[in-house]
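In case it helps, this note's numbering puts the sequence shown at residues 81 to 328. Note that CB positions come from ideal geometry on N, CA and C, so glycine has one too. Predicted, not measured: the structure shown is a model, and the values here were computed from it.
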Amino acid sequence: MNSLPNLLLFASLSPNDYVGFTFFTGYMSMLAASIFFFFERQRVDGKWKTSMLIAGLITFIAAVHYFYMRDVWLTTGQSPTQFRYIDWVLTVPLMCVEFYLILRAFGAKVGLLWRMIAYSLWMLVAGYLGETVYRDNSVLWGFISTIGYAGILYEVWLGSARKLANNSDDPKLKAAFSALAWFVLVGWAIYPIGYMAIETDGWLRNVISVRNMDLVYNIGDAVNKIGFGLVIYSLAIGSSRQEAQAAA
Ligand SMILES: *C/C=C(C)/C=C/C=C(C)/C=C/C1=C(C)CCCC1(C)C
């Protein structure tokens, strides 16, 4: 019995496996953030409750995927592309929903939401094909995917989403919108950079290894998803307090 390799009994995390560490901290921080958002939802005004619910769902969906990715990493030392994309295909559209919900009071139409969802699905499907099925043509698919990303950036920085936010008379909303827009521009940019590290023909393959990219993705995911939720939370709680004071 003693001679059985540990691996057969339980998978272990080696003390210098820093990528593995981030699978654990990623999992736990996403789960903790979800619990926080779900609880705090009770403290905000009715009109913010859906936004808070979605913020919690985004981190919760990620937590479940990290739960699996962490296990696969422990037993195989790899992180399959599938889990990341299944996670993103659910969470990125939900992040688009957050933009729509906070702008709805200022006249956002549901067409804006569908456009942003369509751009994100385009971006993710093309990215997935480039990383898996059509790996030999990953540069082409990466380019096609970037068109979708550019569409989202356009809506948020120059298009109708930005115009609605500019026209609003609420400084809190403007500040929150602009923080979210920076997340999309800077926080999300790490994903295409990771894509460029693909071993076979990625432009950055000699600069960053895929293993280190898992580290960057894990930290990036936590910052982007929890950070996004915290912006929504501070907007919701701030404006609920303001209204409570106005009513008093
Ligand atoms: C929580 C997960 C988020 C915010 C994921 C975002 C993912 C992207 C912005 C991915 C973008 C890509 C490109 C722009 C080109 C190469 C392929 C992708 C899918 C990595």
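The three-state reading of DSSP puts tryptophan 268 in coil, since its state is none of H, G, I, E or B. Remark: C-beta atoms of serine 225 and glycine 210 approach each other more closely than 8 Å.
Arginine 164: member of the alpha helix (DSSP H) spanning 161-184, first to last residue.
Per the coordinates, the alpha-carbon of proline 272 lies some 44 Å from the alpha-carbon of glutamine 325. Comparing C-alpha distances from glutamate 120 to each of Gly136, Ser109, Met110 and Gly106 shows the shortest one belongs to Gly136. Counting only runs of at least 3 residues, the stretch 282-327 fully encloses no beta strand (DSSP E) element at all.
In the displayed model, lysine 254 falls within a helix according to three-state DSSP.
Secondary structure of alanine 188 (DSSP, three-state): coil.
For valine 311, the Cβ stays outside the 7 Å cut-off from all heavy atoms of ligand 1.
Comparing alpha-carbon positions, the option among Phe104, Ile166, Met175 and Ala113 lying closest to serine 131 turns out to be Met175. With fewer than three CB-CB distances shorter than 8 Å, the stretch 187-199 does not count as touching the stretch 137-154.
In this structure, the C-beta of glycine 207 approaches ligand 1 to less than 7 Å from one of its heavy atoms. A distance below 8 Å between beta-carbons, with the five flanking residues on each side excluded, links tyrosine 148 to the following residues of its chain, in chain order: Phe163. In this structure, DSSP gives methionine 132 a helical state, which the three-state scheme calls helix.
Within the chosen limit of 7 Å, ligand 1 does not reach the beta carbon of glycine 106 with any heavy atom.
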